[in-house]
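Protein chains: 2
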Amino acid sequence: MARNTKSAAKETRRRILDAAERLFFANGVAQTSLEQIAEEAGVTRGAIYWHFADRVALFRAMLEDVRLPQEDMVEQAAACGNPDPLGLLERVACDSLATLAADEQRQRVYAILLFRCEYLGEMADVLQRQQDADTAMQANLARIFTMARDDGALVPQWSPDVAARVFALMMRGLWVDWLRYGRSFDLVAHGAACVEQLFRSFRRAEPAAAPVEAG
Amino acid sequence: MARNTKSAAKETRRRILDAAERLFFANGVAQTSLEQIAEEAGVTRGAIYWHFADRVALFRAMLEDVRLPQEDMVEQAAACGNPDPLGLLERVACDSLATLAADEQRQRVYAILLFRCEYLGEMADVLQRQQDADTAMQANLARIFTMARDDGALVPQWSPDVAARVFALMMRGLWVDWLRYGRSFDLVAHGAACVEQLFRSFRRAEPAAAPVEAG
DNA sequence: CGATATACATACATCGGTGTATGTAAAGAG
DNA sequence: CTCTTTACATACACCGATGTATGTATATCG
Chain U
174 MARNTKSAAK
184 ETRRRILDAA
194 ERLFFANGVA
204 QTSLEQIAEE
214 AGVTRGAIYW
224 HFADRVALFR
234 AMLEDVRLPQ
244 EDMVEQAAAC
254 GNPDPLGLLE
264 RVACDSLATL
274 AADEQRQRVY
284 AILLFRCEYL
294 GEMADVLQRQ
304 QDADTAMQAN
314 LARIFTMARD
324 DGALVPQWSP
334 DVAARVFALM
344 MRGLWVDWLR
354 YGRSFDLVAH
364 GAACVEQLFR
374 SFRRAEPAAA
384 PVEAG
Chain P
174 MARNTKSAAK
184 ETRRRILDAA
194 ERLFFANGVA
204 QTSLEQIAEE
214 AGVTRGAIYW
224 HFADRVALFR
234 AMLEDVRLPQ
244 EDMVEQAAAC
254 GNPDPLGLLE
264 RVACDSLATL
274 AADEQRQRVY
284 AILLFRCEYL
294 GEMADVLQRQ
304 QDADTAMQAN
314 LARIFTMARD
324 DGALVPQWSP
334 DVAARVFALM
344 MRGLWVDWLR
354 YGRSFDLVAH
364 GAACVEQLFR
374 SFRRAEPAAA
384 PVEAG
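Protein chains in written order, with this note's numbering: chain U, 174 to 388; chain P, 174 to 388.
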């Protein structure tokens, strides 16, 4: 068939990636054939094999387009010399929820990573990327909580490491639950309530106000 | 071939289930053929098709043997009329960590559910079971935290629902992280530190002691 | 304005997996 | 002691998916 111009080829590549994303999300990675992806993208398998070595390469390319929520938080929280570390983190946390809630591509890709693929053999390093992101987030959070403790902002009942861990576990739980169970609750509102009350327990007690209810 | 006695047939069934569990865990559900399972179990595919209708039925049967950590916690925490609900929960939480850490079958099956299968089509109700377990756990925890609030055991900074949610998210995060990342930390010790400090924030402040470090 | 590389489509060979049909020897019922 | 049923093993037919080889029309470059 007619050879496409270079920009048209780029668009073909995009269409393949988008089609793969939709089908991986809808049918799972293992249950999606290159034939189906080609059809969804309006090309043939020849085009896919031209742009990508095989299924795994296609899958990897799809992932490279998206940042994981963990990576997002690390980047956002990098601003360290802040006078109010806990306040910064609290805002970053809520931002991360809003970012995920607003970006459907991110939702699909993260959901694929969480529930629609099996991490084995050639996919092992995909898991590794998530572990690296988690580790980086954990280290970064621990650093910030340590700053908060040194500033006297963190109550002594919480050790910086454990506070960082519980916070990270809660955030990931919120992301995962929301995606796993069909986005059946208001991620931003409900998540904000969790974030706020947890951070309230991190801080020295203020004149007590009534707790915020979940969304 | 020679027909086995009824008890021998039961054992064959067990061997098939065990083989499936090991291979699903090692290679993923989609990447494991019935041929492989048969070989691992020392039988032929004929035996598998005799005992199970197909792969999905085999997978389901494998799951039925095991209780999920969530289901475990719900059962453990059912004892409600306790004078110290928060103390009860704290113990139940640590028990659940110890139970998971001690039972390799449980670890494999839960890991399969989390990272080694794709929830689609005929597998949708498998996800449903997890969602039901999570929902039940959530409801149960909320009830207990409400009791704690009514007893004055829960500080007013935490609403019972949000406290239950954060606690549940943390617990699931601990289970998942431990399994996902190759059990690379001491689940019981590290988990206990998280549980303890979170529950300390739930309770009215005692004469402050130094926080416990993570394991 | 050829020559060549590009961007695919088409065609083919292969293979592993599934489901089912059939064989069969022993267990259990009467 | 037979007859039937059980508990498998064996054999077969049938895709569907993969990978590769090949065709081919057109950009693009010198």
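C-beta atoms are modelled at their ideal positions from N, C-alpha and C, and glycine is treated no differently. Note that this is a predicted model, so its numbers are computed, not measured.
Classify residue i as helix, strand or coil using the three-state DSSP reduction.
| i | result |
| --- | --- |
| residue 368 (chain P) | helix |
| residue 236 (chain P) | helix |
| residue 328 (chain P) | coil |
| residue 251 (chain P) | coil |
| residue 260 (chain U) | helix |
| residue 357 (chain P) | coil |
| residue 225 (chain U) | coil |
| residue 299 (chain U) | helix |
| residue 305 (chain P) | helix |
| residue 245 (chain P) | helix |
| residue 381 (chain U) | Note on residue 381 (chain U): pLDDT 48, under 50, position unreliable in the model; the coordinate value appears next. It is coil, neither helix nor strand. |
| residue 283 (chain U) | helix |
| residue 201 (chain U) | coil |
| residue 207 (chain U) | helix |
| residue 216 (chain U) | coil |
| residue 277 (chain P) | helix |
| residue 270 (chain P) | helix |
| residue 178 (chain P) | coil |
| residue 194 (chain U) | helix |
| residue 289 (chain U) | coil |
| residue 376 (chain P) | coil |
Below 8 Å CB to CB, which residues in the same chain sit around residue i once its five sequence neighbours on both sides are set aside?
| i | result |
| --- | --- |
| residue 263 (chain U) | 368, 369, 372 |
| residue 288 (chain P) | 352, 353 |
| residue 258 (chain U) | 317, 318, 320, 321, 324, 326 |
| residue 179 (chain P) | none |
| residue 347 (chain P) | 270, 360, 363, 364, 367 |
Let me see if you follow: with CB-CB separation under 8 Å, is residue i close to chain P or not?
| i | result |
| --- | --- |
| residue 342 (chain U) | yes |
| residue 200 (chain U) | yes |
| residue 293 (chain U) | yes |
| residue 265 (chain U) | no |
| residue 371 (chain U) | yes |
| residue 247 (chain U) | no |
| residue 374 (chain U) | yes |
| residue 381 (chain U) | Because the pLDDT at residue 381 (chain U) is just 48, under 50, the model does not fix this residue reliably, and the point stays unresolved. |
| residue 338 (chain U) | yes |
| residue 325 (chain U) | no |
| residue 304 (chain U) | yes |
| residue 366 (chain U) | yes |
| residue 288 (chain U) | yes |
Quick one: residues in its chain with C-beta nearer than 7 Å to the C-beta of residue i, no 5 flanking neighbours on either side, listed in chain order?
| i | result |
| --- | --- |
| residue 319 (chain P) | 333 |
| residue 213 (chain P) | 192, 195, 196 |
| residue 336 (chain P) | 318, 327, 375 |
| residue 207 (chain U) | 218, 221, 228 |
| residue 177 (chain P) | 185 |
| residue 284 (chain U) | 198, 352 |
| residue 341 (chain U) | 310, 311, 314 |
| residue 243 (chain P) | 306, 307, 310 |
| residue 329 (chain U) | none |
Among the candidates the options, whose CA atom is the shortest distance from the CA of residue i?
| i | options | result |
| --- | --- | --- |
| residue 354 (chain U) | P:317, P:302, P:315, P:378 | P:302 |
| residue 279 (chain P) | P:245, P:226, P:255 | P:245 |
| residue 377 (chain U) | U:293, U:285, U:331, U:227 | U:331 |
| residue 299 (chain U) | U:352, U:193, U:237 | U:237 |
| residue 327 (chain U) | U:294, U:284, U:260 | U:260 |
| residue 313 (chain P) | P:239, P:247, P:242 | P:247 |
| residue 210 (chain U) | U:183, U:189, U:285, U:321 | U:189 |
| residue 267 (chain P) | P:229, P:221, P:250 | P:250 |
| residue 182 (chain P) | P:233, P:225, P:201, P:308 | P:225 |
| residue 349 (chain P) | P:231, P:233, P:286 | P:286 |
| residue 293 (chain P) | U:205, U:179, U:187 | U:205 |
| residue 365 (chain U) | P:338, P:345, P:239 | P:338 |
| residue 358 (chain U) | U:270, U:306, U:295 | U:270 |
| residue 202 (chain P) | P:241, P:215, P:282 | P:282 |
| residue 296 (chain U) | P:187, P:255, P:200, P:179 | P:200 |
Compare the C-beta of residue i with all C-beta atoms of chain U and state if any pair is closer than 8 Å.
| i | result |
| --- | --- |
| residue 203 (chain P) | yes |
| residue 282 (chain P) | no |
| residue 222 (chain P) | no |
| residue 331 (chain P) | yes |
| residue 271 (chain P) | no |
Kindly list the residues whose CB is nearer than 6 Å to the CB of residue i, restricted to its own chain and excluding five residues on each side of it in sequence; keep chain order.
| i | result |
| --- | --- |
| residue 121 (chain U) | Beyond the ends of chain U as shown, which are 174 and 388, falls residue 121 (chain U); an answer cannot be given. |
| residue 381 (chain P) | In this prediction, residue 381 (chain P) has a pLDDT of 48, which is less than 50 and means its spatial position is unreliable; what the coordinates show is noted afterwards. Within the same chain, residue 381 (chain P) has no close Cβ partners at all. |
| residue 235 (chain P) | 190, 193, 194 |
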